[in-house]
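Numbering (the numbering used here), first residue to last: 1079 to 1630.
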Ligand code: VG1
Ligand code: CO
């Protein structure tokens, strides 16, 4: 008697209608969970990704997320769609967990076609908070603008998606399952990443620091994705005592907090590091593990300084002992690394905000280290910024130099001068006045040059435009810059990652070569520039805010 084979599964073409708001921002599509839960919303976007790609039939896709609410549901949907669209294999992190840098590492190690990361990074999680999805290409890095533009164009016309009718895959057990013709491999979320870190850093020396040196680290995972990575690497492999990692269990709502490693949102860590008997070194990472905040005892390291200091000390670290090909920083990041690059006789590239702009420079071996003022640091080991990598880099430097974080930073200032730096964020302001503020600045640009304000004279004013030195692509309107004759700068831009209203970012920088004047509080050192920024952009009047929401 003939029987129907029960494992034959159905590929279904499902009719759908476009959503018109699926434009990816600085780092993927970020929306409220409720938006993503709308009928076919996620499916439309995922099918638009697949429709914008060519040549993935039979190839490997890497898939995982930061564990926030809706992660598991989204993974099941994407697996069935990947199977229906012809991928050969999907590598998914156990429990659906993968940090952004781990996805980048796994794509590269397995020569995968690309990867999908489910994260809204530093944005809060939970049923009433945010979700996000981003696509990474075969080099392990975020899709460049031409890909995200193609995806967005497709979302506006999409009328069908395809999906395999199948049961959910068990995401918690390591091993292989079959979805139609496609293989799903549930892999250890940490192993490949930890192996890569061991190849770059002197783990023996760092282990000695923990086991014989009285040295204490406090790492705060903020209940986000780096918990399992930090436990494994710091406590299991490097021998730091249990308890070194705090808030180390990923929670769907990050324990109600913002998984944003800065002085405001990482307050538990700040209390420890500024308390009595503080540890020697403190660090935190964000929702998806690509950012880092570095603290010494009672001491905060500005991210712009951090990248400059890592560059200046790179040859102390095994993975970088041959020196750097170049440095790249995003435009609003301070010019501290430019000074190191100059000293080293290498190039310092200035790119728009967002890691996708570093990809070509890294692939072409023009840059080895990259950094953003927003607590993002990374290198050519992958194509994403990498929070734990930065912490390990610092640990390696601390182990070799045997000095405190504060000593290393203040010495750096003495050698290179100090770039006082601060970013003022005005979060969730209304979209209309925020846009008006930027538009007015843009239309006044030509009138600024040569103007004197207080003790400053404006040398240039423009809207940053970037031409990629490798592929010639042009990205315009990347931030209004006002530069002063003494090298100080004010930059204004609107965030491309928020989901509520608009977030205005004001970046302030001044340069102090005199080491006797380098120990001021940055807010004090920058006070006149802060006033000028308000005057030029009418921030208080237009936003209705007396002060920023977050100062970093
Ligand atoms: C912010 C940061 C930017 C970073 C981006 C993604 O973008 O300023 O430097 O690359 O977030 O990082 P925006 O457009 O909001 O200023 V993550 O860790 O959120 O993926
Ligand atoms: Co992030």
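Virtual Cβ for every residue (Gly too), placed ideally from N, Cα, C. All values reported here derive from a predicted model rather than from experimental measurement.
Handout entry: Inter-residue spacing [alpha-carbon to alpha-carbon] between residue 1499 and residue 1585
Key = Here residue 1499 corresponds to residue number 421 of the chain shown, with the count starting at 1. Here residue 1585 corresponds to residue number 507 of the chain shown, with the count starting at 1. Roughly 8 Å separates the two Cα atoms.
Practice task
Run the proximity test for residue 1578: is its beta-carbon closer than 8 Å to any non-hydrogen atom belonging to the ligand VG1?
Solution key: Against the chain shown, residue 1578 aligns to sequence position 500. False, no ligand heavy atom lies under 8 Å from that Cβ.
Exercise for the section: Tell me whether residue 1463 counts as near the ligand VG1, meaning its Cβ is closer than 8 Å to at least one heavy atom of that ligand. Expected result: Walking along the chain shown from the start, residue 1463 turns up at place 385. It does: the Cβ of residue 1463 is within 8 Å (strictly closer) of some heavy atom of the ligand VG1.
Problem - Within 9 Å, strictly: CB atoms of residue 1346 and residue 1298 - result: Along the chain shown, one-based indexing puts residue 1346 at 268. Along the chain shown, one-based indexing puts residue 1298 at 220. Yes.
Handout entry: Within 9 Å, strictly: CB atoms of residue 1093 and residue 1144
Key = On the chain shown, position 15 is the one that residue 1093 refers to. On the chain shown, position 66 is the one that residue 1144 refers to. No. Outside cutoff.
Exercise for the section: Give every residue of the same chain whose Cβ lies closer than 7 Å to the Cβ of residue 1631, excluding the five residues on either side of it in the sequence, and list them in chain order. Expected result: For the chain, the structure presents residues 1079 to 1630; residue 1631 sits outside this window and is missing.
Handout entry: Residue from 1552, 1175, 1590 and 1509 with nearest C-alpha to residue 1252
Key = The residue you call residue 1252 lines up with position 174 of the chain shown. Of 1552, 1175, 1590 and 1509, the residue nearest in Cα terms is 1175.
Exercise for the section: Could you check what DSSP says for residue 1148 in three-state terms: helix, strand or coil? Expected result: Within the chain shown, numbered from 1, the residue matching residue 1148 stands at position 70. Here residue 1148 sits in coil by DSSP.
Problem - Cβ contact (3+ pairs, closer than 8 Å) linking the stretch 1332-1344 and the stretch 1388-1406 - result: no
Handout entry: Span separating the alpha-carbon of residue 1441 from that of residue 1549
Key = In the chain shown, residue 1441 corresponds to position 363, counting from 1. In the chain shown, residue 1549 corresponds to position 471, counting from 1. Spanning the two alpha carbons is a distance of roughly 12 Å.
Practice task
Using only the heavy atoms of the ligand CO, determine whether one of them is closer than 8 Å to the beta carbon of residue 1408.
Solution key: In the chain shown, counting from the first residue as 1, residue 1408 sits at position 330. No, Cβ of residue 1408 sits at least 8 Å from all heavy atoms of the ligand CO.
Problem - Rounded Cβ spacing between residue 1260 and residue 1167 (contact assumed at less than 8 Å) - result: For the purposes of this step, residue 1260 is taken as residue 182 along the chain shown, with counting starting at 1. For the purposes of this step, residue 1167 is taken as residue 89 along the chain shown, with counting starting at 1. Yes, they are in contact, since the Cβ atoms of residue 1260 and residue 1167 sit about 7 Å apart, within 8 Å.
Practice task
May I ask you to report which of helix, strand or coil DSSP gives residue 1375?
Solution key: For the purposes of this step, residue 1375 is identified with residue 297 of the chain shown, where counting begins at 1. Looking at residue 1375 - three-state DSSP - the assignment turns out to be coil, as it is neither helix nor strand.
Problem - Uninterrupted beta strand (DSSP E) stretches inside the stretch 1319-1405 (no shorter than 3 residues) - result: 1359-1362, 1371-1374 and 1377-1379
Exercise for the section: Label residue 1121 either buried or exposed according to how many other C-beta atoms from any shown protein chain fall within 10 Å of its C-beta, with 16 as the threshold for buried. Expected result: Locating residue 1121 in the chain shown gives position 43, counting from the first residue. Residue 1121 should be labelled buried.
Handout entry: the stretch 1468-1480 touching the stretch 1495-1512, judged by at least three CB pairs closer than 8 Å
Key = no
Handout entry: CA-to-CA distance, residue 1130 to residue 1231, given in whole angstroms
Key = What you label residue 1231 is simply residue 153 of the chain shown in a count that begins at 1. What you label residue 1130 is simply residue 52 of the chain shown in a count that begins at 1. Using only the alpha carbons, I get a separation of about 9 Å.
Practice task
Look at the Cβ atom of residue 1361, then the Cβ atom of residue 1386, and state whether they are nearer than 9 Å.
Solution key: As a position in the chain shown, residue 1361 is number 283, starting the count at 1. As a position in the chain shown, residue 1386 is number 308, starting the count at 1. In this structure, residue 1386 does not lie closer than 9 Å to residue 1361 by Cβ.
Exercise for the section: Take the Cβ of residue 1275 as the centre, count every other Cβ of all protein chains shown within 10 Å, and call the residue buried at 16 or more, exposed below. Expected result: Counted from its first residue, the chain shown places residue 1275 at position 197. Classification of residue 1275: buried, given that the 10 Å Cβ count is 16 or more.
Handout entry: Residues that DSSP places opposite residue 1502 in a beta bridge
Key = Counting from one through the chain shown, the residue named residue 1502 turns up at place 424. DSSP, once it has assigned bridges, lists 1584 and 1629 as partnering residue 1502.
Exercise for the section: Give the C-beta separation of residue 1158 and residue 1249 to the nearest angstrom, bearing in mind that I take them to be a contact with Cβ-Cβ under 8 Å. Expected result: Locating residue 1158 in the chain shown gives position 80, counting from the first residue. Locating residue 1249 in the chain shown gives position 171, counting from the first residue. Going by Cβ atoms, the distance from residue 1158 to residue 1249 rounds to 13 Å, so no, they are not a contact pair.
Problem - Contacting residues, own chain, Cβ-Cβ under 8 Å from residue 1532 (five flanking each side not counted) - result: Locating residue 1532 in the chain shown gives position 454, where the first residue counts as 1. Correct list, in chain order: 1606, 1609 and 1610.
Handout entry: Status (buried if at least 16 other CB within 10 Å, exposed otherwise) for residue 1409
Key = Reading the chain shown from its first residue, position 331 is the one you call residue 1409. It counts as buried.
Problem - Entirely enclosed beta strand (DSSP E) segments - the stretch 1230-1283, minimum 3 residues - result: 1238-1242, 1253-1257 and 1260-1265
Exercise for the section: State the start and end residues of the unbroken beta strand (DSSP E) segment that holds residue 1540. Expected result: Looking up residue 1540 in the chain shown gives position 462. Its beta strand (DSSP E) spans residues 1534-1541.
Practice task
Provide the residue(s) that pair with residue 1091 in DSSP beta bridges, ordered along the chain.
Solution key: Position 13 of the chain shown, counted from the start, is the residue given in the question as residue 1091. DSSP lists 1240 as partners of residue 1091.
Handout entry: CB of residue 1109 within 9 Å of CB of residue 1099, strictly
Key = As a working mapping, residue 1109 is identified with position 31 in the chain shown. As a working mapping, residue 1099 is identified with position 21 in the chain shown. The answer is yes: Cβ separation under 9 Å.
Problem - Buried or exposed by the 16-neighbour rule on C-beta atoms within 10 Å, applied to residue 1602 - result: One-based indexing of the chain shown puts residue 1602 at position 524. With fewer than 16 Cβ atoms within 10 Å of its Cβ, residue 1602 is classed as exposed.
Exercise for the section: Report the option in 1422, 1563, 1596 and 1485 whose CA atom is closest to the CA atom of residue 1528. Expected result: In the chain shown, counting from the first residue as 1, residue 1528 sits at position 450. Cα-wise, what sits closest to residue 1528 is 1563.
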